[in-house]
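Numbered per the numbering used here, the sequence shown finishes at 170, counting up by one with no gaps.
See structure below.
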Amino acid sequence: MSGETTITIIGNLTADPEPHVTQSGLSVTSFTIASSTRTYNKQVEQWQDGEVLFMRCSAWRDLGEHVAESLPRGTRVIATGRLRQRTFETSDGDKRTVMEMTVDEIGPSLRFVTAKPVKAARSNGNGQRNGNGAAAPSSGDFDDPWAGAAPAAVGARGNGWNGGGDAPPF
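If you want it as structure tokens, here you go:
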């Protein structure tokens, strides 16, 4: 949308994503991405972490459900979305302002792991799925080789970093 601040952040999930349902019945998943710089200090000959940015994020509807099912704590992710500023008042009467990201797209970073994407089951328009969790078939589903596939898991093989100073783990 025009006039909105969009950002892309690369970092690690600090905890397992937390799915919730709003009072109006919409599903939303909340999570935090920690992102930091990592530079090589030639004087001490080692990698050093910079300050960490903790970005609070929310993913709505199916995207949020997919995040909760696919991305556990510690997963390195690449996320893009819209930056939001929210002001609220605490119970003590103090005003606080926070920056949050409404995620539009997110996925695992493939820099240090592999992943095998599997297309998620679709609903039939009424949110109904068939008995095995897959979408109830509609006329267009029969030609779709991905229809009824289970959600993907991220396959971790370690972070791929040998610790020898060749490359930073982040």
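Ideal Cβ placement from N, Cα and C applies to all residues, glycine included.
Quantities reported herein were computed from a predicted structural model and do not represent experimental measurements.
For residue 4, the secondary structure class from DSSP, reduced to helix, strand or coil, is coil.
The secondary-structure analysis by DSSP pairs residue 61 with nothing; it has no beta-bridge partner.
At least 9 Å separates the beta-carbon of residue 33 from that of residue 68. For residue 3, the number of other beta carbons within 10 angstroms of its own is below 16, and it is reported as exposed. Annotation: residue 66 to residue 120 spans about 8 Å, alpha carbon to alpha carbon.
If you draw a straight line from the Cα of residue 35 to the Cα of residue 52, it comes to about 6 Å. Around the C-beta of residue 98, fewer than 16 other C-beta atoms lie within 10 Å, and the residue is accordingly described as exposed. Within a 10 Å sphere around the beta-carbon of residue 76 sit 16 or more other beta-carbons, which makes this residue buried. Of the residues assessed, residue 29 falls on the buried side of the cut-off, its CB having 16 or more other CB atoms within 10 angstroms. Judged by DSSP in its simplified three-state form, residue 27 adopts strand.
When beta bridges are read from the DSSP output, residue 86 appears opposite 98. In the structure shown, the three-state DSSP call for residue 105 is strand.
Between the beta-carbon of residue 82 and that of residue 62 there is about 18 Å, and that puts the pair past the 8 Å contact cut. For residue 19, the enclosing beta strand (DSSP E) starts and ends at 18-21.
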